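Trainee:
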Amino acid sequence: MACKIQLLKNILKLSVSPVVQNIAGSATQRSLSVTSRCVSRRGFHSSSLRQGLMEFFDNPKVYGEDQVKHGRAWKIDELRIKSNQDLHKLWFVLYKEKNMLLTMQEECRREAALFPSPERIDKVEESMENLNAVVEERNHAYRELEEGEQANVDGQWQHTPFGRLGYRRFKEYPIPPWANVTHRAINQLPRHVPVTWKYGVLHREQVIRKNAQAKRRLLNQKKRLKSAFPNAEMD
Amino acid sequence: MRLSPVLRMCYEYSNYPKRYIERQMYKGSQRETAGLSGIKIRKKKNWYYGATRPWEEDNQNENAPGVRHPKIFLEPIKEWNVFKGDLVEVLVGKDKGKQGIINYVVKQRNWVFVDGLHCEHKFIKSDIGLRPTMVKSELPLSVTTDIALVDPSDNKVTEVEWRYTEEGKRVRVSTRTGRILPLSAMAEETRDYKTKSTYKEQEKDTRSEDLEKVTFEPKLMSFEQDIMDSEGIIDRRMPAKSWWY
Numbered sequence: 001m002a003c004k005i006q007l008l009k010n011i012l013k014l015s016v017s018p019v020v021q022n023i024a025g026s027a028t029q030r031s032l033s034v035t036s037r038c039v040s041r042r043g044f045h046s047s048s049l050r051q052g053l054m055e056f057f058d059n060p061k062v063y064g065e066d067q068v069k070h071g072r073a074w075k076i077d078e079l080r081i082k083s084n085q086d087l088h089k090l091w092f093v094l095y096k097e098k099n100m101l102l103t104m105q106e107e108c109r110r111e112a113a114l115f116p117s118p119e120r121i122d123k124v125e126e127s128m129e130n131l132n133a134v135v136e137e138r139n140h141a142y143r144e145l146e147e148g149e150q151a152n153v154d155g156q157w158q159h160t161p162f163g164r165l166g167y168r169r170f171k172e173y174p175i176p177p178w179a180n181v182t183h184r185a186i187n188q189l190p191r192h193v194p195v196t197w198k199y200g201v202l203h204r205e206q207v208i209r210k211n212a213q214a215k216r217r218l219l220n221q222k223k224r225l226k227s228a229f230p231n232a233e234m235d
Numbered sequence: 001m002r003l004s005p006v007l008r009m010c011y012e013y014s015n016y017p018k019r020y021i022e023r024q025m026y027k028g029s030q031r032e033t034a035g036l037s038g039i040k041i042r043k044k045k046n047w048y049y050g051a052t053r054p055w056e057e058d059n060q061n062e063n064a065p066g067v068r069h070p071k072i073f074l075e076p077i078k079e080w081n082v083f084k085g086d087l088v089e090v091l092v093g094k095d096k097g098k099q100g101i102i103n104y105v106v107k108q109r110n111w112v113f114v115d116g117l118h119c120e121h122k123f124i125k126s127d128i129g130l131r132p133t134m135v136k137s138e139l140p141l142s143v144t145t146d147i148a149l150v151d152p153s154d155n156k157v158t159e160v161e162w163r164y165t166e167e168g169k170r171v172r173v174s175t176r177t178g179r180i181l182p183l184s185a186m187a188e189e190t191r192d193y194k195t196k197s198t199y200k201e202q203e204k205d206t207r208s209e210d211l212e213k214v215t216f217e218p219k220l221m222s223f224e225q226d227i228m229d230s231e232g233i234i235d236r237r238m239p240a241k242s243w244w245y
């Protein structure tokens, strides 16, 4: 305990010591002002429960239980009718719950105890994914209204230097495309470089073969099923 | 009604999210390092389904790396007519002609288990020194050939068909007598509730009034702008010009 207090004193000394102030006076002033503001906003806490770090742990009632009774995940349709503010609040509720569950999982692993109802993690994650999808939907619609369909295009189909078609996602650059030398060298090549022609032909042959194989396999499977179950209804 | 010796959980009864089932399924499968992206799980392509569920250890042992099973040909079924809690007649085996209630369904194998019928008796050695105990457990029955649904009006076997009532509800109807075969309450039952309406709300659940409340108002601003407005955050910084291509 004494050691801890000593350490705390040292830290305090460091943060308020004049030597530090001389080196970077403005920085320390800023840090001091930040701390004072924090003290004045002591009552600020958006969550209803104020348990400090114990919010990372589950209710002690459920320790050692086989199962924790709980509901289901939020469906996407239920989230669509909620306002942006509600979604914003819900996001943090879910985030805290997920943090709590992951902490409990780790703690149970450390203590070699049973973590009750691990499917809760999946349900919370599913809810968060659905929430993100709703927010993305709304922003998508807003962009389309403001800037037109062009605003939501995130990439384009183009031929690689090896002659194969691929989808390239757009990236953000500080300079326009005509000034970007590397971009032009990589992405604005002619469709087929003559050297890669023969590889293109070989690739196409491979694709045709694979498709034919898949088709044959499906047919054989159907034949075999028909011979095994002659009375079954099949498409 | 008696419970079978091993408490088996149907997919619907377990009420587990799909993602959890998959996570449990591939828990013991081989892992390999995949470059910089980290660890990749080698998922088995043709998963073997048996009388146990993928989240149970027995099924995972059946699918352990190196364990092989003969290929299974399943009869394609267009419409699934048989559910948990239905009264059926067994058409094969020692219990041929007897009627019983379905207590377990395995859709992946076209299997059903009838409560107390078509059983096997096994001696199981429990501990050293103790005498082995005899355990009775049901064997699987094929949905297409080994069982048939029973018409409640005359307790005889029928074929069924899905039709719509005048209210627009989809029901099973006996083709022989035209009588509706209602679904049992057991078909709806899960680990969490007997019926949906009798579900007891838990501490962390959202109340149904709050859930149904419509608070959405269409606004001509993005999500982030709306949140900034309501929180009183004003940002007058101009972003530097950039190009997306």
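Residue numbers (UniProt numbering), protein chains in the order written: chain A, 1 to 235; chain B, 1 to 245. C-beta atoms are modelled at their ideal positions from N, C-alpha and C, and glycine is treated no differently. Values in this document were obtained by computation on a predicted structure and should not be read as measured data.
1. Using a C-beta to C-beta distance shorter than 8 Å, which residues of chain A count as neighbours of ILE124/B?
2. Any idea what DSSP makes of HIS88/A, helix, strand or coil?
3. Let me see if you follow: with CB-CB separation under 8 Å, is LYS198/A close to chain B or not?
4. Taking any Cβ of chain B, which residues in the stretch 154-178 of chain A have a Cβ under 8 Å from it, in chain order?
5. Could you tell me if SER242/B is buried or exposed, where buried requires 16 or more neighbouring beta carbons within 10 angstroms of its beta carbon?
6. Report the residue ranges of all beta strand (DSSP E) runs contained in full by the stretch 98-155 of chain B; include only those spanning at least 3 residues, in chain order.
7. Considering just the uninterrupted stretch of the alpha helix (DSSP H) at THR182/A, what are its terminal residues?
8. So what's LYS45/B in DSSP terms, helix, strand or just coil?
9. Measuring alpha carbon to alpha carbon, tell me which of THR196/A, VAL153/A, ALA73/A and ASN180/A ends up nearest PHE162/A.
10. Quick one: is LEU149/B buried, meaning 16 or more other Cβ sit within 10 Å of its Cβ, or exposed?
11. Applying the criterion that 16 or more other CB atoms from any shown protein chain within 10 Å of the CB defines a buried residue, is SER26/A buried or exposed?
12. Which word fits PRO54/B, buried or exposed, when buried means at least 16 other C-beta atoms lie within 10 angstroms of its C-beta?
13. In the DSSP assignment, what are the bridge partners of SER174/B?
14. Could you check if ASN22/A is buried or exposed, using at least 16 other CB atoms within 10 Å of its CB as the buried criterion?
15. Tell me which same chain residues have a C-beta within less than 8 Å of the C-beta of TRP91/A, skipping the five on either side of it?
16. Let me check understanding here. Comparing Cα to Cα, which of PRO76/B, THR190/B, MET25/B and LYS136/B lies closest to SER227/A?
17. If ILE121/A and LEU101/A are in contact, beta carbons under 8 Å, what's the gap, nearest whole angstrom?
18. Say the cut is 7 Å; is the CB of PRO140/B nearer than that to a heavy atom of the ligand NAP?
19. Just the Cα atoms here: how many angstroms apart are ASP229/B and ARG80/A?
20. What are the boundary residues of the alpha helix (DSSP H) that includes residue 238/A?
21. Hey, is GLU78/A's beta-carbon within less than 8 Å of any beta-carbon in chain B?
22. Taking only beta-carbon positions, decide if VAL201/A is within less than 8 Å of chain B.
23. Once you ignore the five residues that flank LEU117/B on each side, which residues in its own chain have a CB closer than 6 Å to its CB?
24. Following the continuous beta strand (DSSP E) through HIS159/A, name the residue where it begins and the one where it ends.
25. ALA73/A touches chain B at which residues, Cβ-Cβ below 9 Å?
26. Check each residue of the stretch 200-218 of chain B: if its Cβ is closer than 7 Å to any Cβ of chain A, include it; give the result in chain order.
27. Leaving out the 5 sequence neighbours to the left and right, which residues in its chain are closer than 8 Å to TRP47/B when beta-carbon positions are compared?
28. Return the residues of the stretch 67-88 of chain B that lie within a Cβ-Cβ distance of less than 9 Å from chain A, sorted by chain order.
29. Is LEU225/A helix, strand or coil when you go by DSSP?
30. Any chance the stretch 99-115 of chain A sits against the stretch 9-23 of chain B, with 3 or more Cβ pairs inside 8 Å?
31. Mind reading off the beta-carbon distance from residue 247/B to VAL143/B? Whole number of angstroms is fine, and I expect it under 8 Å.
32. Any beta-carbon of chain B closer than 8 Å to the one on SER127/A?
33. Going by the CB atoms, is the gap between VAL114/B and LYS84/B shorter than 8 Å?
34. Under 6 Å Cβ to Cβ from TYR167/A, same chain only, skipping five residues before and after it: list those, please.
35. Taking PHE229/A as the query, report the chain B residues whose CB atoms sit under 7 Å from its CB, ordered along the chain.
36. Mapping DSSP to helix, strand and coil, what is GLU201/B?
Mentor: Short version:
1. In chain order: nothing, as chain A lies at least about 24 Å away.
2. helix
3. no
4. PHE170, LYS171, GLU172, TYR173, PRO174, ILE175, PRO176 and PRO177
5. exposed
6. 99-106, 111-114, 119-124, 133-138 and 147-151
7. 181-187
8. coil
9. THR196/A
10. buried
11. Caution is warranted here: a pLDDT of 41 is assigned to SER26/A, below 50, making its placement in the model unreliable, and no coordinate value can be reported.
12. buried
13. VAL160/B
14. Residue confidence for ASN22/A is low, a pLDDT of 37 falling below 50, so the modelled location carries little weight; the figure read from the coordinates is stated next. ASN22/A comes out exposed.
15. MET128 and LEU131
16. PRO76/B
17. 5 Å
18. By its list of ligands, the structure shown contains no ligand whatsoever, and the ligand NAP lies outside what it can speak to.
19. 20 Å
20. Lying outside 1 to 235, the shown extent of chain A, residue 238/A is not represented and no answer is given.
21. yes
22. no
23. VAL90, ASP95, LYS98 and GLY100
24. 155-159
25. PRO17
26. GLN202, LYS204, ASP205, LEU211, VAL214, THR215, PHE216 and GLU217
27. MET25, PRO54 and ASN63
28. PHE73, LEU74, GLU75, PRO76, ILE77 and LYS78
29. helix
30. no
31. Beyond the ends of chain B as shown, which are 1 and 245, falls residue 247/B; an answer cannot be given.
32. no
33. no
34. GLY155 and TRP157
35. GLU75
36. coil
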